[in-house]
Amino acid sequence: MSVERLAARLACDDEALLRRFRAVRSFSRNVRASEYHVTNACNLRCRGCWFFTFEFDKRTKDQTDLAMLRAFIEKERARHINAALLIGGEPTLVSDRITAFVEGMDYVTISTNGLHPLPRTGFERVSIGITVFGGGGVDDELRAITPGGRRFTGLFEAALRNYRGDSRAIFNYAVTGSAVPHIDETVRRIRDNGNRVTFNVYSEYQTDTPLKHSDDQQRLLDEVLQVAQKYLDAVVAHPYYLRALVTGRTDFGRFGYDVCPSVSRDHPGHAARLANGNPTLPLFNVYAADGQTLQFCCTSGHCHGCRDSQAVQSWLLVSARQFLHSQEGLRTWVELAETYWRQFIWSPYGLAERP
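Okay, so the sequence shown: first residue is 7 according to the numbering used here, each after it adds one.
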């Protein structure tokens, strides 16, 4: 039975729920995203950053010719891609390249360390994901490091100043079991700054145990669930997602390469993955900063240490059928999907009130 028919059967006489399902599924199916490393340059050298840990910056050279970049974007549009996630390096260092994507794509999102503000003019509908590691003083310890190795303080404070009250911005807070006491205060400061926040999990890619928070897993999960409930006006994260993020598990499986949907569809290394029957993001590819080299996936390609927030959320969204065993399951998937799209200012759910 099709997903649509299953949903209609489970909704029964709850017509509002069925309308919400159809609306969010229709919007989801119309967004066709890919990811682009717009530069290899960055003004920080964060501990645990997969980009520099695995020397992605040395594999290719930046495409600095804007005409060539625009031609590449046109080819992506011809491939039916209409949404761009721009990472690096640090995208705000190359605002002219962001402009090229704004001109060529319907939907644009950047991931930034927050140290350099993205201007409002010309970028009014660009969603901005701002990274935070650990919270409190841990953030400076892990991220406030210059390319030359000099340490400084106040990185989180700089991000708060740069994006105070900015509706485009959402803080992507990578939590860790060793910094649980900082979570409540960090979320409160983001809320008081007029911003929203979602959660990621910090991976120490430079170590042999990148997800060592697992030793404090229950404590970490309890805290993020409690904080999410406490700051409903600021936290954009469904409880089901938070459990999947922290534990790596759901009612229907465990997150890993065999189910991760955020792999480059045209990469030859994924033939077996694409054939295993688990869904992937349609047409999704990841390109290096040269605008030519196809990357393995949305992050490092080191799957054993990955709990990427976008990958986990995408896994839940493409797995709609796994939720359609009851009306409550249908409702959970609808809420998950609506919550996911609330992260983006360009989405119709971006500034919507919680249903």
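Glycine residues also receive a C-beta, built at the ideal position from the N, C-alpha and C atoms.
Keep in mind it's a predicted model, so treat the numbers as computed, not measured.
Handout entry: Contiguous beta strand (DSSP E) assignments of at least 3 residues, all confined to the region 113-190
Key = 113-118, 132-139 and 175-181
Exercise for the section: Output the residue ranges of the alpha helix (DSSP H) runs that lie fully inside the region 49-112 and measure 4 residues or longer, sorted by chain position. Expected result: 56-59, 72-84 and 101-110
Practice task
Take arginine 156 as the anchor and find which of Trp352, Leu23 and Arg53 has the nearest alpha-carbon.
Solution key: Arg53
Handout entry: Alpha carbon of leucine 24 to alpha carbon of leucine 238, nearest angstrom
Key = 25 Å
Practice task
Can you grab the Cα-Cα spacing for the pair glutamate 80 / methionine 111, in whole Å?
Solution key: 9 Å
Exercise for the section: Measure the CB-CB distance between arginine 197 and alanine 240 and report whether it falls below 8 Å. Expected result: yes
Handout entry: Coarse secondary structure for glutamate 10, derived from DSSP in three states
Key = helix
Handout entry: Proximity test, valine 108 beta-carbon vs the ligand FAD heavy atom, cut-off 7 Å
Key = This structure simply doesn't include the ligand FAD, nor any ligand for that matter.
Exercise for the section: Return the bridge partner residues of phenylalanine 350 from the DSSP annotation. Expected result: Answer is none; phenylalanine 350 lacks a bridge partner.
Exercise for the section: Can you give me the Cβ contacts of arginine 15 inside the same chain, cut-off strictly under 6 Å, excluding the 5 residues immediately before and after it? Expected result: none
Handout entry: Boundaries (first-last residue) of the beta strand (DSSP E) holding valine 207
Key = 202-207
Exercise for the section: Pick out whichever of Gly297, Gly311 and Val292 has its Cα sitting closest to the Cα of cysteine 304. Expected result: Val292
Handout entry: Collapsed DSSP secondary structure at threonine 256 in the structure displayed
Key = strand
Handout entry: leucine 330 to phenylalanine 27 span [Cα, whole Å]
Key = 11 Å
Problem - Cα-Cα separation between valine 44 and alanine 90, rounded to whole angstroms - result: 11 Å
Problem - Where glutamate 210 falls, given that 16 or more other Cβ within 10 Å makes a residue buried - result: buried
Handout entry: Helix, strand or coil at alanine 47 [DSSP, three-state]
Key = coil
Problem - asparagine 36, enclosing alpha helix (DSSP H) - first and last residue - result: 21-36
Exercise for the section: Please name the residue, chosen from Glu191, Ile176, Leu323 and Val193, that lies closest to serine 268 on a Cα-to-Cα basis. Expected result: Leu323
Handout entry: Distance between aspartate 71 and alanine 180 (C-alpha atoms, nearest Å)
Key = 34 Å
Exercise for the section: Check leucine 357 in the structure and name its three-state DSSP category. Expected result: coil
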